[in-house]
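Asker: Please find one structure pasted underneath; my questions will follow.
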Amino acid sequence: PAVLHALKHVVGEAGAWRGGRLLLNLNQKDGFDCPGCAWPDPSHRSMNEYCENGAKAVAEEGTKERVTPEFFREWSVARLSEQSDLWLGKAGRLTHPMVLREGATHYEPVSWDDAFALVAEELNALGSPDEAAFYTSGRTGNEAAFLYQLFVREFGTNNLPDCSNMCHESSGTGLTETIGIGKGSVTLEDFDHAQAIFVIGQNPGTNHPRMLTALQAAARRGCEIVSINPLPEAGLNRFKHPQEVLHLIGPGTALNKLFLQVRINGDVALLQGLGKALLEREAKAPGTVLDKAFIEGRTAGFDAYRAHLESVSWDDVVTESGVPREQVEAAADILARSERTIFCWAMGLTQHRNAVGNVQEVVNLTLLRGSIGKAGAGVCPVRGHSNVQGDRTMGIWEHPKPELMAALEREFGFAPPRHTGLDTVATLKAMHDGRVKVFFALGGNFLSATPDTEFTAEGLRRTRLTVHVSTKLNRAHLVHGQRALILPCLGRTEHDVQATGRQFVTVEDSMGMVHASRGAVAPASEHLLSEPVIVARLAHAVLGARSKVPWLSLVEDYDRVREHISRCIPGFEDFNRRVREPGGFALPNGPRQGVFPTPDGKAHFTVHAMPRLRLEPGQLLMMTLRSHDQYNTTVYGLDDRYRGIHQGRRVVFLHPEDVTARGLTAGQKVDLTSHFQGETRVAREFVVVPYNIPRTCAATYFPEANVLVPVDSHAEKSRTPTSKSVVITVAPSPARPA
Numbered sequence: 006p007a008v009l010h011a012l013k014h015v016v017g018e019a020g021a022w023r024g025g026r027l028l029l030n031l032n033q034k035d036g037f038d039c040p041g042c043a044w045p046d047p048s049h050r051s052m053n054e055y056c057e058n059g060a061k062a063v064a065e066e067g068t069k070e071r072v073t074p075e076f077f078r079e080w081s082v083a084r085l086s087e088q089s090d091l092w093l094g095k096a097g098r099l100t101h102p103m104v105l106r107e108g109a110t111h112y113e114p115v116s117w118d119d120a121f122a123l124v125a126e127e128l129n130a131l132g133s134p135d136e137a138a139f140y141t142s143g144r145t146g147n148e149a150a151f152l153y154q155l156f157v158r159e160f161g162t163n164n165l166p167d168c169s170n171m172c173h174e175s176s177g178t179g180l181t182e183t184i185g186i187g188k189g190s191v192t193l194e195d196f197d198h199a200q201a202i203f204v205i206g207q208n209p210g211t212n213h214p215r216m217l218t219a220l221q222a223a224a225r226r227g228c229e230i231v232s233i234n235p236l237p238e239a240g241l242n243r244f245k246h247p248q249e250v251l252h253l254i255g256p257g258t259a260l261n262k263l264f265l266q267v268r269i270n271g272d273v274a275l276l277q278g279l280g281k282a283l284l285e286r287e288a289k290a291p292g293t294v295l296d297k298a299f300i301e302g303r304t305a306g307f308d309a310y311r312a313h314l315e316s317v318s319w320d321d322v323v324t325e326s327g328v329p330r331e332q333v334e335a336a337a338d339i340l341a342r343s344e345r346t347i348f349c350w351a352m353g354l355t356q357h358r359n360a361v362g363n364v365q366e367v368v369n370l371t372l373l374r375g376s377i378g379k380a381g382a383g384v385c386p387v388r389g390h391s392n393v394q395g396d397r398t399m400g401i402w403e404h405p406k407p408e409l410m411a412a413l414e415r416e417f418g419f420a421p422p423r424h425t426g427l428d429t430v431a432t433l434k435a436m437h438d439g440r441v442k443v444f445f446a447l448g449g450n451f452l453s454a455t456p457d458t459e460f461t462a463e464g465l466r467r468t469r470l471t472v473h474v475s476t477k478l479n480r481a482h483l484v485h486g487q488r489a490l491i492l493p494c495l496g497r498t499e500h501d502v503q504a505t506g507r508q509f510v511t512v513e514d515s516m517g518m519v520h521a522s523r524g525a526v527a528p529a530s531e532h533l534l535s536e537p538v539i540v541a542r543l544a545h546a547v548l549g550a551r552s553k554v555p556w557l558s559l560v561e562d563y564d565r566v567r568e569h570i571s572r573c574i575p576g577f578e579d580f581n582r583r584v585r586e587p588g589g590f591a592l593p594n595g596p597r598q599g600v601f602p603t604p605d606g607k608a609h610f611t612v613h614a615m616p617r618l619r620l621e622p623g624q625l626l627m628m629t630l631r632s633h634d635q636y637n638t639t640v641y642g643l644d645d646r647y648r649g650i651h652q653g654r655r656v657v658f659l660h661p662e663d664v665t666a667r668g669l670t671a672g673q674k675v676d677l678t679s680h681f682q683g684e685t686r687v688a689r690e691f692v693v694v695p696y697n698i699p700r701t702c703a704a705t706y707f708p709e710a711n712v713l714v715p716v717d718s719h720a721e722k723s724r725t726p727t728s729k730s731v732v733i734t735v736a737p738s739p740a741r742p743a
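Just so we're aligned, residue 6 is where the sequence shown starts under this note's numbering, counting upward by one.
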């Protein structure tokens, strides 16, 4: 089915010839990087190095449909707002820069020069540079991201919210505090050597399908895989590799050795239970379970961690995690006998109030067994968007690093601002209360990606100008400031030709590998500009003679941008030569070699109170998740065949006993109300789906349920919205007038 669905999308959207050419160049060493997930590419690649959702992403970008000025003359903003996200996405590729003038009902075409002049007018009229915010999507390549943060800082602000703020910010925060770097420590090759792999809060079958190939190979050689998640996910049960024709008949490869169905946000309790079980085994057989030499020589904080786990009761572990003790013990057995363990996780851990604690409890288990700094072992946060990690490496962060600021000052001759800027949550609130007057988005669908949809929409409407650099129409274009611009850009799949010839950009994958990405087909429109060129021309228009940076010259040849990167970003020395090597190069990673760049040079155990959420009668804890027919906020279709959902997205998954206890029935329409600090938010007409999910838990798709996520509910330290921890009640939808 995956093969058939992929081909259907590619041929239907892009056509057989263009679609075939796109697929043959997707994730190849001389091709382009998938615009979807950030899973790394293997050293030895097949001719078909992509998954179903990667093929869908390429089909969406390579579509034959076009959104032209004639389209906007026909469709007003109000009429477009009545259409579904699926309809908007299927309308096609944007072809011309468009402006929505103050008081107008329709977007109209505008020249690129006039568009940049409009942005310059608004930005230069601000009372302070901090009255503007500059958002970044993970789709942005390294060259554009570097230029973007350079422009923003020369303009005078660090207001650089980005999509990391909403997904793996908790991973970066938790890992930096404990192992000294906000990235994972493993490579793809480590999966060939692991004896155990724990997959926590993650659904690879939908979100990172190529990961299943690595898991399949690991399972076949005897690696024990443990998955921890509130929902059983089909992709982690059994897997049939689409390229293994002889194996397509039959049950496929069993992946899970053990599945622990944890309650939503029961992960700290479960992970502490695993740690407690290891300590108890060590007490019975000293020197056989814990890596004492590693703990004593290369870590700090073990005594406090051990004392805390000794005070934790098994009753609390079982009650708060929802996992029976015998299953926790079984997982601890796997962990105890594995000398090389990889811990993977995604947003199931990172979008809770205690998300940083979740990540650090994973690190605690890693340190107990010395499972870091050697082949086949380590921590692996699996990023959800291609180059989201690279954007942060390039300096897209509201917290300016002193070393980078000094490098920019030395390289470009201006003094970058040193104060902390606005992250995504802070930007939402600043727009809402009038402190941010101009909002610029380099990619993404900001309205649909953010929490508290109504609050976000109202904030955007209070700005003077909203600008979106985009490839396709999306919901964010329809909720705007007094004036609005849509700036259409080249996609990853398309040729990028500048003054010195055809260009390539670079990206960083989830495991710190940097490689080139070269478009393979002609652009959707002659009026499109690349993201680096858009940023450079914007900077030239806004900063003018007060900038010493040769903005327009830099983007005549992207090698010139990479030369500056090589002198400003550690690990990118000799960038232009190294990135031209087949497969690219790996960035430095101390923990990968067992070196921890923390202030004391050691990895740190941490202590966390076990979360104890107490629901009122009738309340449920809801998490948002993706359908199999979407990628981030891009909706490809209305089916989620792995969960048995067809032709619908406004569904709520509930345990059958919770359905009965509330007097509901399968297929009934209900309204969802979220409860936070005395506030309520309502999402209407969701269909009840009885499902294998723990009691008092619920699951819904985003972005439809983002309206329920309060803007003030976010993780401690990382400030990631708590999209996986929303307290709701469910009630039958009232009858609507016919």
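For each residue, glycine too, the CB sits at the ideal point set by N, CA and C.
In this text, all values refer to a predicted model and were calculated from it rather than measured experimentally.
From Ala481 to Phe451, what does the alpha carbon distance come to, in whole angstroms?
Answerer: 6 angstroms
Asker: What residue range does the beta strand (DSSP E) around His679 cover?
Answerer: According to the sequence shown, residue 679 is Ser rather than His. Element bounds for Ser679: Lys674 to Phe681.
Asker: Can you tell me which of the three DSSP states Leu279 falls into?
Answerer: Annotated three-state conformation of Leu279 is helix, per DSSP.
Asker: Considering just the uninterrupted stretch of the beta strand (DSSP E) at Gly383, what are its terminal residues?
Answerer: For Gly383, the enclosing beta strand (DSSP E) has its first and last residue at Gly383 to Pro386.
Asker: In terms of DSSP beta bridges, what is Thr355 paired with?
Answerer: Secondary-structure assignment with DSSP links Thr355 through no beta bridge to anything.
Asker: Taking Pro235 and Gln266 to be in contact with their CB atoms under 8 angstroms, please state how far apart those CB atoms are, rounded to whole angstroms.
Answerer: Pro235 to Gln266, Cβ: 7 angstroms. Contact.
Asker: Nearest by alpha-carbon distance to Glu79: which of Thr110, Ile401, Gly59 and Tyr55 is it?
Answerer: Just measuring C-alpha positions, the residue of Thr110, Ile401, Gly59 and Tyr55 sitting nearest Glu79 is Thr110.
Asker: Please report the Cβ distance between Ser391 and Gly143, rounded to the nearest whole angstrom; I am assuming they are in contact, meaning their Cβ atoms lie under 8 angstroms.
Answerer: 6 angstroms
Asker: Counting only the same chain and skipping the five closest in sequence on each side, list residues whose C-beta sits under 6 angstroms from that of Gly623.
Answerer: Thr734
Asker: Any chance you could list the beta strand (DSSP E) runs of at least 3 consecutive residues sitting entirely within the region 63 to 116, in chain order?
Answerer: 103 to 105
Asker: Roughly how many angstroms separate the alpha carbons of Lys379 and Thr324, rounded to a whole number?
Answerer: 35 angstroms
Asker: Quick one: what does DSSP say Val428 is sitting in, helix, strand or coil?
Answerer: Inspection of the sequence shows that residue 428 is occupied by Asp rather than by Val. Of the three classes helix, strand and coil, the one that applies to Asp428 here is coil, per DSSP.
Asker: Taking 8 angstroms as the threshold (C-beta atoms), are Phe264 and Trp610 in contact?
Answerer: Checking the displayed sequence, the identity of residue 610 turns out to be Phe instead of Trp. Taking 8 angstroms as the Cβ cut-off, Phe610 and Phe264 do not qualify as a contacting pair.
Asker: Near Gly59, which residues of its chain fall below 6 angstroms by C-beta distance, leaving aside the five closest residues on each side in sequence?
Answerer: Cys39 and Gly41
Asker: Any idea what DSSP makes of Ala21, helix, strand or coil?
Answerer: Note: Ala21 maps to helix in three-state DSSP.
Asker: Less than 8 angstroms separating the beta-carbons of Asn761 and Lys729?
Answerer: The structure shown does not extend to residue 761, since the chain is modelled only from 6 to 743, so the question has no answer here.
Asker: Using 10 angstroms around the beta-carbon of Lys442, count the other beta-carbons present and answer buried if the total reaches 16, otherwise exposed.
Answerer: Per the 10 Å Cβ criterion, buried.
Asker: Under the DSSP definition of a beta bridge, which residues are partnered with Cys494?
Answerer: Leu534
Asker: In chain order, which beta strand (DSSP E) runs of at least 3 residues are fully inside the region 183 to 212?
Answerer: Secondary structure remark: continuous beta strand (DSSP E) runs of at least 3 residues inside the region 183 to 212, in chain order: 201 to 205.
Asker: Just mark Met516 as buried or exposed, buried being the case when its beta carbon has 16 or more other beta carbons within 10 Å.
Answerer: Answer is buried; the Cβ neighbour count reaches 16.
Asker: Asp195: buried (16+ other C-beta within 10 angstroms of its C-beta) or exposed?
Answerer: buried
Asker: Are the CB atoms of Leu478 and Val72 nearer to each other than 8 angstroms?
Answerer: Contact flag set, yes.
Asker: In the region 556 to 628, which residue ranges form an unbroken alpha helix (DSSP H) of at least 4 residues, counting only runs that do not cross its ends?
Answerer: 556 to 559, 563 to 573 and 580 to 583
Asker: Can you look up Ser730 in the DSSP assignment and give me helix, strand or coil?
Answerer: coil
Asker: Measuring only the C-alpha atoms, how far is Lys406 from Asp562?
Answerer: The alpha-carbon atoms of Lys406 and Asp562 are separated by roughly 28 angstroms.
Asker: Alpha carbon to alpha carbon, how far is Gly395 from Met518?
Answerer: Using only the alpha carbons, I get a separation of about 9 angstroms.
Asker: Can you name the start and end residues of the alpha helix (DSSP H) that Lys297 belongs to?
Answerer: Lys297 to Arg303
Asker: Is Gly486 helix, strand or coil by DSSP?
Answerer: coil
Asker: In its own chain, which residues sit with a C-beta less than 7 angstroms from the C-beta of Met436, not counting the 5 before and 5 after it?
Answerer: Phe444, Gly464, Leu465, Arg467 and Thr468
Asker: Any idea if His424 is buried or exposed, counting beta-carbon neighbours within 10 angstroms, 16 or more meaning buried?
Answerer: exposed
Asker: For the region 99 to 109 and the region 488 to 507, state whether three or more C-beta atom pairs, one from each stretch, are separated by less than 8 angstroms.
Answerer: yes
Asker: Express the C-alpha separation of Gly426 and Phe139 in angstroms, rounding to a whole number.
Answerer: 10 angstroms
Asker: Where do the N-terminal and C-terminal ends of the alpha helix (DSSP H) with Tyr310 fall, by residue?
Answerer: Phe307 to Ser316
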